[in-house]
Each structure stands twice: as structure tokens, then as C-alpha cells.
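First up is the structure itself, then whatever we jot down about it.
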Amino acid sequence: MKMNRRKFLAATALTPALLFLSRGAVASKRYRQELPIPELYEGKYRNGIKQFRLNAEYGEVEFFNGYKTETLGYNGNYLGPTLRVRKGDRVAIEVNNHLAEDTTVHWHGMILPARMDGGPHQNIIPRGQWTSEFKIIQSAATLFYHSHAHGQTGQQVYRGLAGLLLIDDEKSEQVGLPKDYGIDDIPLVIQDRDFDQGGQFSYVGFMPERMIGKHGKTLLVNGAYSPILKAKRNKLRLRLVNASNARFYNLGFEDGRSFKVVASEGGFLENPVVLKRLEMGPGERYEILVDLSDRKTVMLKSYGNVGNASHGPMGMMGMDKDMDMDVLLIDAESAEKTTSKSITTLAKFPDWMAIKTGNVSQQFDLQMGMMGMMRGMMNRMGKSGGMMSINDKSFDIDHINFSVRKNQFEVWKIGNSSPMVHPFHIHNTQFKVLSRNGNPANPFERGFKDTVIVSQNEIVEVMVPTGPYSDPQNPYMYHCHILEHEDAGMMGQFVVKS
Ligand code: C2O
Ligand code: CU
Ligand code: CU
59 MKMNRRKFLA ATALTPALLF LSRGAVASKR YRQELPIPEL YEGKYRNGIK
109 QFRLNAEYGE VEFFNGYKTE TLGYNGNYLG PTLRVRKGDR VAIEVNNHLA
159 EDTTVHWHGM ILPARMDGGP HQNIIPRGQW TSEFKIIQSA ATLFYHSHAH
209 GQTGQQVYRG LAGLLLIDDE KSEQVGLPKD YGIDDIPLVI QDRDFDQGGQ
259 FSYVGFMPER MIGKHGKTLL VNGAYSPILK AKRNKLRLRL VNASNARFYN
309 LGFEDGRSFK VVASEGGFLE NPVVLKRLEM GPGERYEILV DLSDRKTVML
359 KSYGNVGNAS HGPMGMMGMD KDMDMDVLLI DAESAEKTTS KSITTLAKFP
409 DWMAIKTGNV SQQFDLQMGM MGMMRGMMNR MGKSGGMMSI NDKSFDIDHI
459 NFSVRKNQFE VWKIGNSSPM VHPFHIHNTQ FKVLSRNGNP ANPFERGFKD
509 TVIVSQNEIV EVMVPTGPYS DPQNPYMYHC HILEHEDAGM MGQFVVKS
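Dropping the structure here:
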């Protein structure tokens with residue numbers, strides 16, 4: 059049902075004040091929506107395979123009272139269900155494209171055969187269907203899935219094509235962390251959006267926005283604006299997913315309480331790391347434990363001065379001043395008391411030092427050339443005309459950048475000569491951060507990761523397991539997870555040979 063356009067516009071005369079500037083007093087008095095929890099989807103077990111079906115489809119969501127926003131979602135209006143699988147499972151996920159444009163679904167963080175990866179090569183045409191079948195061979199972790207359509211990833215994810223994928227294993231079932239989904243194990247999909255006067259999503263409007271990546275002024279968590287979580291238990295595990303196109307977050311609690319980081323993208327850390335603030339780039343995931351035994355109400359916030367919002371080109375242009383943003387209000391007043399022993403060892407890692415890697419095998423420089431930027435502003439980003447590049451090359455879907463051999467550990471060196479911070483992501487692997495500018499990685503990023511922040515003039519060395527699958531034809535991607543950068547060519551592809 060479409061609302062009469064004129065009536066709609068008339069009704070939105072007060073929009074800006076209502077929607078976006080109502081922080082502070084007004085905002086704190088307004089009704090808060092309870093945090094929605096994406097529905098759990100565990101598939102149907104048939105012939106030894108867990109079968110799933112995802113339909114990419116159009117939807118409509120009332121993010122704000124009286125305003126219907128046109129969205130995209132999987133099996134629903136916005137985002138998708140949380141797929142839950144177990145290590146050792148064989149899964150088959152059928153994807154149907156009910157959109158009028160091409161799409162793909164990529165399983166971010168998954169180690170799997172290249173043709174099942176859902177990157178730009180596994181394109182699904184409108185009304186088309188694609189089935190991804192693979193075995194879960196990796197440890198328990200919080201993964202996610204999202205559109206990876208060639209040149210269209212940014213806008214499709216922005217409109218809603220993303221969801222969570224949780225892997226369980228023996229360890230995660232026995233380690234003693236909160237694990238009741240939606241009760242004390244809470245996923246938080248964090249995204250920023252802008253809305254226009256009519257209540258519709260507004261994507262990159264002007265060129266600098268494309269260059270810097272889309273930053274919205276309104277935060278959504280699991281698709282809800284400024285929600286409240288009424289905690290049911292006094293110890294919560296929060297699965298933090300930065301599913302934003304470009305915004306970095308610096309998360310922390312307003313009352314200054316600390317929390318424990320227990321997992322990164324690829325699974326558990328060796329030991330919990332106590333922090334008060336945690337920085338997350340687009341594509342990164344962390345799991346944290348927060349103690350609410352004091353039964354207080356506390357705001358999870360993102361503090362400014364992080365990523366590209368307050369410094370780098372965006373800060374220089376004064377586009378998006380250092381902003382603190384409310385993420386989630388947690389009310390622990392009626393949280394049930396639970397007893398849990400404190401866990402000191404979560405996982406046992408290989409002896410990294412003993413692994414034979416040889417020399418640095420790949421070296422990358424993330425680039426935003428000034429000339430390239432100018433060109434990018436004029437052209438529509440095409441096959442190779444993007445403004446972003448890695449080692450002087452913009453993404454070319456017909457060109458394989460390099461190959462590696464399977465079952466190896468490689469050292470990749472990621473440099474950044476651009477004026478921005480980039481989250482660098484590699485498909486089909488969970489890697490180990492070896493160093494930052496020669497110094498040890500931050501304690502909370504010493505576990506397995508698939509996305510790593512690379513700041514200006516920084517060199518990050520990672521050790522990449524190349525995995526057991528080989529395929530000389532079908533490549534995997536590596537790219538900046540600022541989706542506008544990816545779409546504009548800060549991406550490459552490699553094949554794994556036997
Ligand atoms: Cu989450 Cu290649 O992407
Ligand atoms: Cu990925
Ligand atoms: Cu980037």
C-alpha cells in the first residue's frame with residue numbers, strides 16, 4: 059500500500075527536527091522501541107544436509123512513527139534471519155532473488171570453496187536462484203552475510219541486505235558463556251542511516267560522500283532506532299557487528315563501566331580482555347560480556363574521534379563533526395541474577411611462532427589518488443574506472459591479481475598511503491594480526507580475524523591461512539570494507555591453487 063505522495067510530504071513537514079535533531083531532552087523522554095532480535099533460523103535437516111532458504115526481497119519499515127521507509131531484506135522487510143549452524147554441519151542455502159536488480163549473498167568470514175563464497179562472481183539475476191553448499195569446518199564465531207553485488211554492494215547493504223550467521227561448536231556450548239539467543243546472548247547489528255524528508259533512506263548524495271563512504275546521522279540497532287533492551291539476566295553477552303557502510307565506532311558505556319572482550323571475527327580470544335572502549339571498523343565483529351549486577355540503566359554509546367568521521371578528509375571538510383551517538387539503552391532493573399564463574403581461558407591457539415611462513419608473500423598499498431578521486435567524481439564507477447585502488451589497480455572483475463597455494467600460512471603486509479583509515483577484509487580465511495608498524499597488535503585483536511583496521515601510514519602484517527580449498531578458476535576477494543571504497547575499486551581477487 060503506497061501512501062499518497064503529497065499527503066505524505068505534507069505530513070513530513072516537521073521531519074528534520076523530529077527525526078534527526080531530537081537528541082537530548084526530547085529524545086530521552088520519547089518512547090523507546092524494544093530492541094528487536096532477528097529471528098533464529100536453524101534450517102531443515104534433510105539427507106544429511108541443513109537446508110536454508112533466503113529470499114532477497116522488497117520491504118517497508120516504519121523506523122519512525124508515521125513514516126514508511128522502502129527497504130530490502132531477506133525473508134522479511136529489513137536485514138535477515140540469524141542463521142545458526144554447528145561446526146561439522148553440511149549446509150545448503152538456497153538464495154532467491156526477488157529483486158529487479160542483480161544481487162549476490164556472501165558469507166563473510168566463512169572458510170569455503172570459492173564458488174560458494176557469494177562474491178561478485180556468483181551473481182544472481184532477477185528471479186534467479188543460487189544455492190551455496192558447503193561444510194562448516196571452522197570454530198564457533200559470529201559471522202554475517204550480505205550482498206556483494208558487483209559495484210552495488212554499498213547501496214544494497216544500505217537498504218537492508220545483511221544478516222547474521224552464528225557458528226556453534228563443542229567449545230562454545232561448554233565454555234560457560236551466556237548462550238541463550240535473545241535472552242542473554244544478544245546480537246547487535248549496528249548501522250548508520252540517513253533519511254530524507256519523505257522518510258526514505260538517502261544514500262550517497264554528493265561526491266565527497268562517495269569518497270569518504272556513506273555516514274548516516276541516525277543509528278539503527280537490529281533495524282531499530284535508539285532501542286532499549288530490558289535485560290533478562292545480569293550477565294550479557296553482546297555480539298557486536300559493525301554492519302555499517304563506512305562508519306567506525308568507539309563503543310563504551312556511558313557510566314564508564316568496563317566490559318570483557320571474549321571473541322573477535324573468527325571466534326574466541328585466548329583470554330578475555332578487559333576494556334572500557336572498543337573501536338570497530340565496518341565488517342569487524344567482537345563479542346563482549348557486560349556485568350549488570352548493579353541493576354542500573356546504562357547507555358551503550360559510540361564516542362567520536364574515531365575512523366574517518368572526525369579526522370581525515372571528512373573531518374577536514376567539516377562534514378561530520380566528532381559525534382557521540384547513542385547505540386543501545388540497557389535497563390537491568392529486572393535482570394535475573396545468575397551465577398557464573400569467571401573464565402580465564404577461552405581458547406587454545408597454535409604456537410604462532412612455530413609456524414613456517416617464509417617471507418612476506420603479498421604486499422598491498424591502499425590508495426586514494428587525488429587524480430583518481432577527481433576522475434571518480436566525473437565517471438560512474440565502472441569495471442576499472444574507480445577512484446580507489448590497491449597497488450595502483452582498481453578492481454577489475456576479469457583480472458585475477460595473484461594466486462596462492464592451499465594449506466599454507468602466508469604473511470601479507472598491508473600498507474595505507476591514503477588519507478583515510480580502511481578496514482581491510484580477506485575472504486576465505488581467519489587470519490592472525492602479527493604486528494602494527496612493527497609493534498604487537500592490540501590485545502583484543504590477537505585472536506582470529508577476517509577484517510583489520512589499517513590507519514594512515516600504518517603497516518599491518520597478518521598471517522593468512524590459505525585454507526584447504528583450491529580452485530584455479532574462481533577467485534576470492536580482498537578489499538576495503540568501507541563499501542563505497544569496495545564498489546569504487548579498492549578490491550582485488552586471488553585464486554587458491556592446489
Ligand atoms: Cu563482508 Cu567481501 O565482504
Ligand atoms: Cu567477506
Ligand atoms: Cu577504504
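If you want the numbering used here, it's the 1-based position in the sequence shown plus 58. A virtual CB, placed ideally from N, CA and C, is assigned to each residue, including glycine.
For residue i, the three-state DSSP class (helix, strand or coil)
| i | result |
| --- | --- |
| E207 | The sequence as given places Ala at residue 207; Glu does not occur at that position. The answer is coil: DSSP assigns A207 none of H, G, I, E or B. |
| K354 | coil |
| M478 | coil |
| K229 | helix |
| E267 | helix |
| P523 | strand |
| H485 | coil |
| F306 | coil |
| R63 | Bear in mind that a pLDDT of 36 at R63, under 50, signals an unreliable position, so the model cannot answer this. |
| G212 | helix |
| F407 | coil |
| M383 | strand |
| A83 | Any answer about A83 is weak, because its pLDDT of 36 lies below 50 and its placement is not dependable; what the coordinates show is given next. In the structure shown, A83 sits in a helix (DSSP, three-state: H, G or I). |
| F253 | strand |
| R335 | coil |
| F453 | coil |
| P330 | strand |
| M174 | helix |
| E503 | helix |
| A412 | helix |
| R217 | helix |
| H273 | coil |
Beta-carbon proximity check, residue i vs residue j, cutoff 8 Å
| i | j | result |
| --- | --- | --- |
| F202 | V149 | no |
| T200 | E345 | yes |
| N300 | G271 | no |
| R343 | G310 | no |
| D581 | K293 | This structure gives no information on residue 581, because the portion of the chain shown stretches from 59 to 556. |
| P477 | P245 | no |
| S197 | G339 | no |
| N135 | E159 | no |
| K359 | M383 | yes |
| R185 | D243 | no |
| L424 | M265 | no |
| A220 | L137 | yes |
| A114 | T189 | no |
| H483 | T509 | yes |
| Y534 | H485 | yes |
Continuous alpha helix (DSSP H) stretch holding residue i: start and end
| i | result |
| --- | --- |
| D545 | 541-545 |
Residue range of the unbroken beta strand (DSSP E) whose run includes residue i
| i | result |
| --- | --- |
| K48 | Shown here, the chain extends from 59 to 556; a query on residue 48 therefore has no answer. |
| I511 | 509-512 |
| Q421 | 418-425 |
| I346 | 343-349 |
| H537 | 529-538 |
| T127 | 125-132 |
| V286 | Correcting the residue identity first, residue 286 is Ile in this sequence and not Val. I286 -> beta strand (DSSP E) spans 286-288. |
| A321 | 317-322 |
| R185 | No beta strand (DSSP E) contains R185, which DSSP labels as neither H nor E. |
Straight-line gap, residue i to residue j (C-alpha atoms, nearest Å)
| i | j | result |
| --- | --- | --- |
| V590 | W470 | With the chain running from 59 to 556 in the structure shown, residue 590 is simply not present. |
| M446 | G177 | 19 Å |
| E542 | E394 | 43 Å |
| E391 | G314 | 18 Å |
| N597 | R173 | Since the first residue of the chain shown is 59 and the last is 556, residue 597 is not available in this structure. |
| N154 | L112 | 6 Å |
| F552 | M357 | 43 Å |
| A405 | Q180 | 34 Å |
| G240 | L224 | 13 Å |
| I182 | V163 | 9 Å |
| G218 | E312 | 29 Å |
| K288 | G281 | 17 Å |
| K237 | N329 | 18 Å |
| G427 | S452 | 11 Å |
Residue i classed as buried or exposed, judged by whether at least 16 other C-beta atoms fall within 10 angstroms
| i | result |
| --- | --- |
| V332 | exposed |
| S400 | exposed |
| Q488 | buried |
| D252 | buried |
| H457 | exposed |
| S316 | exposed |
| Y527 | buried |
| D409 | exposed |
| M411 | exposed |
| F121 | buried |
| R463 | exposed |
Closer than 7 Å: residue i CB and nearest ligand 5 heavy atom
| i | result |
| --- | --- |
| I270 | For the structure depicted, ligand 5 is absent and the ligand set comprises only ligand 1, ligand 2 and ligand 3. |
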